[in-house]
Each structure stands twice: as structure tokens, then as C-alpha cells.
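Here the structure comes first, spelled out in C-alpha cells, and everything after it is commentary.
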Amino acid sequence: MRNFISQRVASVPPSGIRRFFDIAATMPDVISLGIGEPDFVTPTPILNAGIASLQRGETAYTSNSGTIELRRALSDHLARLYGVEYNPETELLITVGVSEAMYLAMTAIVDPGDEVIVPQPCFVAYAPEVIFAGGVPITIPTRVENEFQVTGEEIEARVTPKTKAILIGYPNNPTGAVLTRERMGEIARVAEKHDLLVISDEIYDRLVYGVEHTCFASLPGMKERTILLGGFSKDYAMTGWRIGYIAAPAELLAAARKVHQYTIMSAPTTGQHAALAALKCGEEHVQRMVAEYDRRRKLIVSGLNSLGLDCFEPRGAFYAFPSVAKTGLSDDEFADKLLAEEQVAVVPGNAFGAGGAGFVRMAYAQSYEKIEQALERIHRFMQRHG
């Protein structure tokens with residue numbers, strides 16, 4: 002019997018994150034700093050909006066694009082926050098989380114052999130999604146010396162006649178880096194000079210600390226070149242509701258919607274009603290969660306640095322990305338031993354691509370008390386290995 006598995010799929014290894022989650026799930030008393038998911042329950046007004054929609058019997062499909070009420074509210078939201086205006090009829094599409102949005106964007110624009118530039122470390126799905134669409138990811142390792150911010154010069158050095166797009170994700174998973182407006186301007190100039198698209202994953206846009214997030218599409222002349230990806234999972238603690246979106250020029254959006262129509266039909270109806278409530282009344286809850294994440298961020302960063310695990314200051318998302326170099330262990334060895342010896346789960350940085358080796362990702366989406374306990378365990382570990 003011949004091998005029926007696609008070579009594109011076979012060439013991509015399983016996610017480097019899952020192994021540690023699977024092991025941790027079998028161990029008692031594990032503190033997981035591995036999973037990138039808010040520990041908050043979805044705020045009550047948002048929960049109630051979803052429940053009320055079910056009680057009203059609103060369980061049918063919506064428009065392929067999502068409810069017009071949600072798209073209008075999202076359009077107003079992006080205009081208010083970032084000054085970029087999208088037509089809710091033709092330039093916004095509601096998706097099953099940002100994961101589907103990424104899949105749609107790649108499928109809509111990538112032809113076989115097209116190159117997409119992907120700065121790393123980055124979310125584990127970026128390069129695989131390029132490959133699944135038939136493209137070639139061209140990776141760029143970013144460095145802690147630059148606070149893991151990619152530069153326009155680094156991107157331009159990778160541009161070839163086959164380059165079609167640049168894929169960026171800031172605030173960044175796994176590093177917590179936030180791209181400055183100056184750096185974004187460099188990328189914008191490269192995109193314009195070489196006639197490229199920019200796919201900007203901004204799922205953590207509201208989770209920033211002491212800095213301001215710049216929406217890439219809001220840069221001068223960039224709305225027409227940008228496929229903006231966003232969603233409700235992280236900012237509003239709505240991971241299980243599976244609601245994301247694409248915002249893009251009408252022609253690009255229509256191509257993504259075509260793939261969405263044939264693949265999904267429409268995003269979850271109940272989730273869309275909840276997302277509408279999030280936009281209408283979720284702001285105070287977002288601010289409360291951001292304040293708590295900031296408190297945890299300061300604890301884990303200062304704690305790690307005091308233990309000899311050098312950690313630059315993350316300015317966004319909810320991840321710390323310390324170096325483990327002083328232990329003499331690789332990032333894989335560090336993660337394996339920390340889990341086995343102290344029951345603390347972290348993710349090796351190499352799981353996130355070039356530039357991640359020698360670091361580990363620690364999510365401060367756990368409670369303050371759990372982070373304190375984790376730091377105590379890491380302290381014991383460092384006394385043996387640091």
C-alpha cells in the first residue's frame with residue numbers, strides 16, 4: 002500500500018509545545034507555565050450574552066462573513082483604537098479564531114513556490130501554515146540584543162523575486178516583544194519598495210505594558226498592503242469561544258472569504274454574540290486583566306533575573322523568555338529536567354524557531370500565587386544547576 006500522506010504535511014514535525022503538555026498532564030502537582038491561555042474565566046457580561054443567544058434559539062448559521070452587527074462593532078472598534086477604517090460589508094470576515102484566519106490568509110495568497118518571510122521566534126503555526134499552503138517560509142532569527150524586534154534591513158536581505166509576503170506577529174509569542182513604530186515603518190518601506198503584502202497577527206494587541214501598540218495597517222499607505230489578523234481569545238479571555246477576524250482590502254478579503262465559505266461556512270454563532278458583547282461592554286474587564294498580567298509580569302521577570310536566568314523585559318502578551326545559558330543546559334534539557342525534578346512545565350525556545358534556542362518560554366497566565374510557587378521551585382532547581 003503506497004504512502005498516501007501529503008509530502009507537505011509529512012515534512013512538518015508535530016508542534017514542539019505539545020510534548021510538554023502531554024507529559025505534564027500525567028504528573029501530579031505540576032505548575033504549568035507552558036500554556037498560552039488566560040487563566041481568567043470569560044467576563045460575566047460576555048458569558049451572559051452567549052447564554053442569552055442560546056436561550057433565544059439563535060443556533061443557526063450566520064452569514065459567511067459573520068453577523069453584520071459584530072462586523073459593524075468591530076469596524077468601529079478598530080477605527081476608535083487605531084484610526085484605521087474597514088468597511089464591515091466588504092473588508093471584515095469573522096473566523097474560527099486567528100488560527101483559521103491565518104490558514105485563510107495563506108491559502109488565499111500563496112501559490113506553489115511563493116516565499117513568505119517569517120521572523121522567529123514566533124508562534125509555532127506560522128511556518129507550517131506557509132508550507133501547508135504550498136509556499137516556502139524564509140525565516141529570520143531575531144536576537145535578544147534587539148529585544149527580539151526584526152529590522153527592515155534583515156527583512157530586505159531575504160527578499161527575492163519569489164517573495165510575496167512578510168508575516169509578523171507582535172506583541173510576540175513567545176518572547177513578549179513589542180515592535181516599535183519605527184521598526185514597523187522600516188518593514189512598511191520594504192513592503193512598498195518590493196511590492197509585498199504584510200500579514201500582521203495582532204491577537205495580543207490590547208495586552209501591552211507601558212508602551213502603545215501600533216496597528217500595522219494604520220501606518221501610512223499600509224492598509225492596502227496589510228492582512229490584519231485579530232481576535233477575542235487573549236484580550237477578552239475567550240479562547241474556547243473560537244472567534245477571530247481578518248481585516249483586509251476588499252479583493253484580498255473576498256479571496257479569504259471564498260476559502261472560508263467552502264471550508265467552514267461560518268464562525269460559531271454563540272461565540273459571535275459573545276464577541277459583540279465583548280466589544281460593547283468588555284473594556285473595563287480588559288483593563289482589569291491587563292493590570293493583573295502586568296503585576297505577574299513584574300514578579301516573574303524580576304524573579305527570573307534574581308535567579309540568574311537573564312530575562313529581557315517583555316512589553317506585551319503574557320510570556321517571559323529567559324535565557325538558560327548560565328545553567329550550561331540546552332533549552333530542551335532545561336525544560337526536561339525542570340519538569341522531572343520540580344514539576345514546573347515550560348517550553349523550550351527552539352520550538353518557536355530560529356533564534357529561540359537557549360531560551361525557554363514561561364507564560365504568566367497563571368495566578369500570582371502559582372508564579373510565586375513556580376519561582377520557589379525554579380530557585381531550588383537553580384541551586385543544583387545554576
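Those letters in the sequence shown? Residues 2 to 387, by the numbering used here.
Note that the Cβ used here is the ideal one computed from N, Cα and C, for glycine as well.
Please read these numbers as outputs of a predicted model, since none were measured by experiment.
Item, Value
"Since residue 121 is in the beta strand (DSSP E), which residue starts that stretch and which ends it?", "116 to 121"
"In angstroms with no decimal places, state the Cα-to-Cα distance between residue 287 and residue 89.", "24 angstroms"
"Helix, strand or coil for residue 231? Go by DSSP, reduced to three states.", "strand"
"May I have a chain-ordered list of the alpha helix (DSSP H) segments no shorter than 4 residues that lie completely inside the region 146 to 216?", "153 to 157, 182 to 194"
"According to DSSP, simplified to helix, strand and coil, what is residue 316?", "coil"
"Once the 5 residues before and after residue 1 are set aside, which same chain residues still bring their CB inside 7 angstroms of it?", "Coverage of the chain is limited to positions 2 through 387, which leaves residue 1 absent and any answer about it impossible."
"Return helix, strand or coil for residue 422, following the three-state DSSP convention.", "The structure shown does not extend to residue 422, since the chain spans only 2 to 387, so no value can be given for it."
"Are the Cβ atoms of residue 115 and residue 165 separated by less than 7 angstroms?", "yes"
"Relative to the alpha-carbon of residue 22, which residue among 337, 137, 378, 355 has its alpha-carbon at the smallest distance?", "337"
"Among 325, 191, 233, whose alpha-carbon lies nearest the alpha-carbon of residue 208?", "233"
"Where DSSP assigns a beta bridge to residue 360, which residues make up the other side?", "324"
"Compute the beta-carbon to beta-carbon distance between residue 134 and residue 176, rounded to the nearest angstrom, for a pair I have assumed lies under 8 angstroms.", "The pair is not a contact, with the Cβ atoms about 25 angstroms apart (cut-off 8 angstroms)."
"Tell me whether the beta-carbon of residue 270 lies closer than 7 angstroms to the beta-carbon of residue 59.", "yes"
"What's the gap between the Cα of residue 73 and the Cα of residue 264?", "24 angstroms"
"Looking at C-alpha atoms only, which residue of 250, 262, 151 is the closest neighbour of residue 355?", "151"
"Exposed or buried, which one is residue 319 when buried takes at least 16 other CB atoms within 10 Å?", "buried"
"What is the rounded straight-line gap between the Cα of residue 275 and the Cα of residue 262?", "22 angstroms"
"Would you tell me roughly how many angstroms separate the C-alpha atoms of residue 352 and residue 18, rounded to the nearest one?", "7 angstroms"
"Residue 94 bridges to which residues according to DSSP?", "247"
"Under a Cβ-count criterion, where at least 16 other Cβ atoms within 10 Å of its own Cβ denotes burial, should residue 101 be classed as buried or exposed?", "buried"
"Between the beta-carbon of residue 211 and the beta-carbon of residue 242, is there less than 7 angstroms?", "no"
"Give the range of the alpha helix (DSSP H) segment to which residue 137 is assigned.", "From DSSP, residue 137 is part of no alpha helix (DSSP H) but of the beta strand (DSSP E) over 137 to 142."
"Would you mind giving the Cβ-Cβ distance between residue 231 and residue 42, rounded to the nearest angstrom? I have them listed as a contact below 8 angstroms.", "The pair is not a contact, with the Cβ atoms about 22 angstroms apart (cut-off 8 angstroms)."
"Which residues bound the alpha helix (DSSP H) around residue 49?", "45 to 56"
"On a Cα-Cα basis, can you pick out the residue from 85, 65, 123 that is closest to residue 362?", "123"
"Determine the direct distance from the alpha carbon of residue 281 to that of residue 68, and round the result to whole angstroms.", "15 angstroms"
"Using only the alpha-carbon positions, how far apart do residue 350 and residue 325 sit?", "10 angstroms"
"What number of angstroms, rounded off, separates the C-alpha of residue 200 from the C-alpha of residue 167?", "6 angstroms"
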